[in-house]
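>
Protein chains: 2
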Amino acid sequence: MITASASSGVSDSSVTRHPCGVGDALRFLETVRFTSESIDYLGTLGMFKPAFLEWLGSFRFRGEVYAVPEGTPVFANEPILEVVAPIAEAQFAETFVMNPILVQTLVASKAARVQAAAGDRTVVDFGLRRAHGADAGLKAARAAYVAGLAGTSNVLAGRTYGIPLYGTMAHSYVQAHASEAAAFRAFATLYPDTTLLVDTYDTLGGVGRVVALARELGPSFSVGAVRLDSGDLYDLAVRARRLLDEGGASGVRIFASGGLDEQAIAGLVARGAPIDGFGVGSDLVVSADAPSLDLVYKLVSYAGEGRVKTSPEKPVLPGRKQLFRIEDDGRATYDVIARAGEPTLGRPLLTLVMRNGRRLDQVETVGALRARAARERALLPDAVSRIERADPPYLVEVSEALQEYQRDVIDARTSRT
Amino acid sequence: MITASASSGVSDSSVTRHPCGVGDALRFLETVRFTSESIDYLGTLGMFKPAFLEWLGSFRFRGEVYAVPEGTPVFANEPILEVVAPIAEAQFAETFVMNPILVQTLVASKAARVQAAAGDRTVVDFGLRRAHGADAGLKAARAAYVAGLAGTSNVLAGRTYGIPLYGTMAHSYVQAHASEAAAFRAFATLYPDTTLLVDTYDTLGGVGRVVALARELGPSFSVGAVRLDSGDLYDLAVRARRLLDEGGASGVRIFASGGLDEQAIAGLVARGAPIDGFGVGSDLVVSADAPSLDLVYKLVSYAGEGRVKTSPEKPVLPGRKQLFRIEDDGRATYDVIARAGEPTLGRPLLTLVMRNGRRLDQVETVGALRARAARERALLPDAVSRIERADPPYLVEVSEALQEYQRDVIDARTSRT
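Quick mapping for you: the protein sequence lines, in order, are chains V and H.
First residue of the first sequence? That's 0 in numbering that gives the first Met the number 0, and the numbers climb one at a time after it.
First residue of the second sequence? That's 0 in numbering that gives the first Met the number 0, and the numbers climb one at a time after it.
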């Protein structure tokens, strides 16, 4: 039996990460099989013995998994998931355990920063078209909702996960009409409470045509918002707000999109831009400023003995571990990475979620995951939920016992190279 | 009928892009259907009329598509694909046309830069585990191979596309043995021509153990390479080369991986590092320095008339277009974006690939796409294939006739807002 540990990478200890996608990893482990077509293909490579290929046919994952509950924030180098299984089972799991956790953790972490910047304003995922494939777009919508966004424009994500759907009109709808005014009138007739996209030709001109429509329709006008999608969003929002208010359409809210990320949103909010909601796309779904995460999945124990790597800058903490969050008066103060079985130092975050290849945890709705993420975020110091890097970073200690065990394992290994 | 045009974005005219993924977009258009389950879900949203939902049940894409052949390099603002279809068909296509083209174009463009940096050294995609999901990893392997990499460690990509497979041993294999020497001996017995991963504990110590194994096995030693995966790769490669040569293992090549991108590889090559091949992972598959691409898909013609948007910084060239590559003495000198139907100005790059919803083009192997990409790259000026941004950038003109048409369309639109 080995233990393999997936941890959140060592690169930047001042960034809070929101692990997400653990459920997908567990589903993979429950269902992974080698089909006869796959085994036939592997046979054509001429690299594997017949006995191995036959063994693949009855392969099942029968190990144990411990994981941090989805949505619970973690920090650099902390274990997110541990697999205890025969080496082949743990090894086959590597890529498919890392892959869904990696992409969803990236997007959830980015989304949490975006929502932190927006405060209590509505933020919606508009990113599907710029995601790295349709599957990545679906997972991004899920992760962003778990991390606190209000919803998504991705209809499949609505259907698959029950995430609230948001949509506005397309530029092509405006372009296909004889005039923008005609397009607005037609769209508001079909969808009275809609959001009208006003930047196809000239944003303030578009806002003026919304005001004109309000006058034309009188009490039956119920357009909910205008959407600014280009240009200087602060300046346009201020002018649009004035035009709407002076034109008797003060009930129309302002929604902004177009190249937004947490920094841009924080800037608009800090200047008091009269914007009620944001749509974020490309930068969110690819986590543009950090499109990769040095999530690692490493062997930490084999045949009952702790194992390490000693490659420079890639330390491995040996053996099974537990992650404790130390809380004081209802707020988390620091974390401790400890050996499994150490006396409780705080709230343990790794729990047994799979035994003998079967999930033990209840499959939770995205709504439940979202509520947990919000609850767990609220327990952390305010500094680590801001979009600036926390300075000093949230403290993550390695327990005395684990440090000593790491030294022992390194010494034992060195003595027998 | 409308024409919608997907173009490569306007952000940086000094970067060469290798459009890839058009075949996936065409396959989507050929096969897109709304299942009864999907339609039932849309019904639950309470937003759509029964007649529309019923119409979705018989929806097919029956339009025409023009596209630049996969692998042909293009530049900023150039059209990659045009759809001519009834507006609903063209509109439904938007996200699923953009999505596969976007992710594969990003990775192919990155891979071309990585291979340019490596010259004729072997470069292999190692990125699956860090891709934005398994599907993105599969497509990344495909795009990277089309753009010139030698192969991938992604076995499914080998099976799906016939891409050459490369693999080396895992750290966990070394860790699971009593000693690194024992691990090397066992692995080389199973796979005599393998690559041994030498950095689990101490890279030069690992190389020393490979030399010892060569002495031990004598003529039956046929290990192909060692792989350095951490540390100062230049320094380690120089020392490893010396150890191997002095130890009588001069036939063992050196393969390097670990956080590499085109800049790091170019640096190693420029310093003359004795490295025979590279593995690239995270930075390749997420196109780390440019994880998004401002690919746009815009309505350019409706009811026989050209259409534009005039949002700032998002110009749209109206109407159906052709992209000409002007060649002189076998080398491309500049491109012209022209109106469709203009007299030939050079080699036309947009060709009809789908009519009445059926593909007209032969589905090509990735090998054929890769050969085309290499051929087309060789026709371009050397400056645009280097990893530095081309200065001055490759020239892309808009034809007189298209400029005039754009002015006319803008004028006509302005007169009837």
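Heads up, the beta-carbon is just placed ideally off N, CA and C, and yes, glycines get one too.
Can you have a look at A177(H) and say buried or exposed, based on whether 16 or more other CB atoms are within 10 angstroms of its CB?
The residue you call residue 177(H) lines up with position 178 of the second sequence. Counting Cβ neighbours within 10 Å, A177(H) comes out exposed, since fewer than 16 surround it.
> Taking only beta-carbon atoms, is L446(V) less than 8 Å away from chain H?
Here chain V has residues from 0 to 416 only, and residue 446(V) is not among them.
> Please identify the residue among Y144(V), Y165(V), P317(V) and S384(V) whose C-alpha is closest to the C-alpha of S171(H).
What you label residue 171(H) is simply residue 172 of the second sequence in a count that begins at 1. When each option's Cα is compared against that of S171(H), the closest is P317(V).
> Does the beta carbon of N76(V) come closer than 8 Å to any beta carbon on chain H?
Taking the first sequence and counting its residues from 1, one reaches residue 76(V) at position 77. Cβ-Cβ to chain H under 8 Å: no for N76(V).
> For the beta strand (DSSP E) containing A5(H), list its first residue and its last residue.
Along the second sequence, read from residue 1 onward, the residue named residue 5(H) stands at position 6. First-last of the beta strand (DSSP E) with A5(H): I1 to S6.
> Quick one: measure Cβ to Cβ for R369(V) and V106(V), integer angstroms, because I've assumed they're closer than 8 Å.
The residue given as residue 369(V) occupies position 370 in the first sequence. The residue given as residue 106(V) occupies position 107 in the first sequence. 14 Å between Cβ atoms; not a contact.
> Starting from L203(H) and walking both ways along the alpha helix (DSSP H), at which residues does that stretch end?
In the second sequence, counting from the first residue as 1, residue 203(H) sits at position 204. Residues T202 to L216.
> Could you give the distance in angstroms between the alpha-carbon of A255(H) and the alpha-carbon of A89(V)?
For the purposes of this step, residue 255(H) is taken as residue 256 along the second sequence, with counting starting at 1. For the purposes of this step, residue 89(V) is taken as residue 90 along the first sequence, with counting starting at 1. Distance between the alpha carbons of A255(H) and A89(V) is about 26 Å.
> So, is the C-beta of G303(V) closer than 8 Å to a C-beta in chain H?
As a first step, residue 303(V) is located in the first sequence; it is residue number 304 there, counting from the start. No, its Cβ sits nowhere closer than 8 Å to a Cβ of chain H.
> Measure the alpha-carbon distance for G276(H) versus R120(H) and round it to whole angstroms.
Here residue 276(H) refers to the residue found at position 277 when the second sequence is read from its first residue. Here residue 120(H) refers to the residue found at position 121 when the second sequence is read from its first residue. Their Cα atoms are separated by approximately 5 Å.
> Helix or strand or just coil, what does DSSP make of M97(H)?
Against the second sequence, residue 97(H) aligns to sequence position 98. It is helical.
> Quick check: the stretch 352 to 366 of chain H against the stretch 376 to 384 of chain H, are there 3 or more CB pairs under 8 Å?
Judged by Cβ distances under 8 Å, the stretch 352 to 366 of chain H makes no contact with the stretch 376 to 384 of chain H, as fewer than three pairs qualify.
> Exposed or buried, which one is L137(V) when buried takes at least 16 other CB atoms within 10 Å?
Here the question's residue 137(V) lines up with position 138 in the first sequence. By the neighbour-count rule (16 or more Cβ atoms within 10 Å), L137(V) is buried.
> Does the stretch 330 to 348 of chain V touch the stretch 227 to 241 of chain H, meaning 3 or more C-beta pairs lie closer than 8 Å?
No, the stretch 227 to 241 of chain H is not in contact with the stretch 330 to 348 of chain V.
> Might you give, ordered along the chain, the residues of its own chain that have their beta carbon closer than 6 Å to the beta carbon of G278(H), omitting 5 neighbours on each side?
Stepping through the second sequence from its first residue, residue 278(H) is reached at position 279. Within the same chain, G278(H) has close Cβ partners V123, F125 and S256.
> Once you ignore the five residues that flank E77(H) on each side, which residues in its own chain have a CB closer than 7 Å to its CB?
The residue labelled residue 77(H) in the question sits at position 78 within the second sequence. Counting only Cβ-Cβ distances below 7 Å, and skipping sequence neighbours, we find S6, S7, L322, D334, I336 and V395.
> Decide yes or no for the touch test of the stretch 405 to 412 of chain H against the stretch 297 to 308 of chain H: beta carbon pairs closer than 8 Å, at least 3 of them.
As far as the Cβ criterion goes, the stretch 405 to 412 of chain H touches the stretch 297 to 308 of chain H, which means the pair count is three or higher.
> What does the alpha-carbon distance come out to for the pair E375(V) and V173(V)?
Numbered from 1 along the first sequence, position 376 holds the residue referred to as residue 375(V). Numbered from 1 along the first sequence, position 174 holds the residue referred to as residue 173(V). Taking the straight line joining both Cα atoms gives about 44 Å.
> With 8 Å as the threshold, decide whether the Cβ of R306(H) is near any Cβ in chain V.
What you label residue 306(H) is simply residue 307 of the second sequence in a count that begins at 1. Yes, contact with chain V.
> List the endpoints of the continuous alpha helix (DSSP H) containing Y172(V).
Within the first sequence, numbered from 1, the residue matching residue 172(V) stands at position 173. Start and end: H170 to Q174.
> Within 8 Å (strictly less), CB to CB, does V285(V) reach chain H?
Taking the first sequence and counting its residues from 1, one reaches residue 285(V) at position 286. At least one chain H Cβ lies under 8 Å of V285(V).
> Can you give, in chain order, each stretch of the alpha helix (DSSP H) that sits fully within the stretch 231 to 283 of chain V and has at least 4 residues?
The stretch 231 to 283 of chain V contains these whole alpha helix (DSSP H) runs: 232 to 245 and 261 to 269.
> Drop a sphere of 10 angstroms on the beta-carbon of L189(V), count the other beta-carbons inside from all chains shown, and report buried for 16 or more, exposed for fewer.
Against the first sequence, residue 189(V) aligns to sequence position 190. By the 10 Å Cβ count, L189(V) comes out exposed.
> Between F95(H) and chain V, is any beta-carbon pair separated by less than 8 Å?
Here residue 95(H) corresponds to residue number 96 of the second sequence, with the count starting at 1. Closer than 8 Å: yes.
> Could you tell me whether the Cβ atoms of A84(V) and G56(V) are closer together than 8 Å?
Start at 1 with the first residue of the first sequence, and residue 84(V) comes out as number 85. Start at 1 with the first residue of the first sequence, and residue 56(V) comes out as number 57. Result no, Cβ atoms of A84(V) and G56(V) do not sit closer than 8 Å.
> Could you tell me the alpha carbon to alpha carbon distance between I86(H) and M0(H), rounded to whole angstroms?
Position 87 of the second sequence, counting from 1, holds the residue named residue 86(H). Position 1 of the second sequence, counting from 1, holds the residue named residue 0(H). When rounded, the distance between both Cα atoms is 6 Å.
> Kindly list, in the order they appear in chain H, the residues whose Cβ is closer than 8 Å to that of I86(V).
For the purposes of this step, residue 86(V) is taken as residue 87 along the first sequence, with counting starting at 1. What I86(V) touches in chain H: S171 and A175.
> Please compile the residues from chain H whose C-beta is within a distance smaller than 7 Å of the C-beta of K138(V).
Along the first sequence, one-based indexing puts residue 138(V) at 139. By Cβ distance, chain H contributes G132.
> Return the chain-ordered list of same chain residues with a C-beta closer than 7 Å to the C-beta of V73(H), the five sequence neighbours on each side being excluded.
Here residue 73(H) corresponds to residue number 74 of the second sequence, with the count starting at 1. Correct list, in chain order: S7, R16, P18, V67 and I79.
> In the DSSP output, what is L351(H) paired with across the bridge?
Start at 1 with the first residue of the second sequence, and residue 351(H) comes out as number 352. L351(H) is bridged to Y65(H).
> Could you round the C-beta distance between D198(H) and S229(H) to whole angstroms and report it? I think they count as a contact, below 8 Å.
Position 199 of the second sequence holds residue 198(H). Position 230 of the second sequence holds residue 229(H). That pair is a contact at about 5 Å.
> If we call anything under 8 Å between Cβ atoms a contact, is V96(H) one with T2(H)?
In the second sequence, the residue the question calls residue 96(H) occupies position 97. In the second sequence, the residue the question calls residue 2(H) occupies position 3. No, the pair does not count as a contact, with Cβ atoms beyond the cut-off.
> Taking only runs that begin and end inside the stretch 119 to 198 of chain H, name each unbroken beta strand (DSSP E) of 3 or more residues, in chain order.
The qualifying runs are 121 to 124 and 194 to 196.
> Using beta carbons (cut-off 8 Å, strictly below), is G62(H) in contact with chain V?
Locating residue 62(H) in the second sequence gives position 63, counting from the first residue. No, its Cβ sits nowhere closer than 8 Å to a Cβ of chain V.
> By the 9 Å beta-carbon criterion, what residues does the stretch 225 to 253 of chain H contribute toward chain V?
Per Cβ criterion, the list reads D228, S229, G230 and D231.
> Can you find a C-beta in chain V that's less than 8 Å from the C-beta of V102(H)?
By 1-based counting over the second sequence, the position of residue 102(H) is 103. True, the Cβ-Cβ gap to chain V drops below 8 Å.
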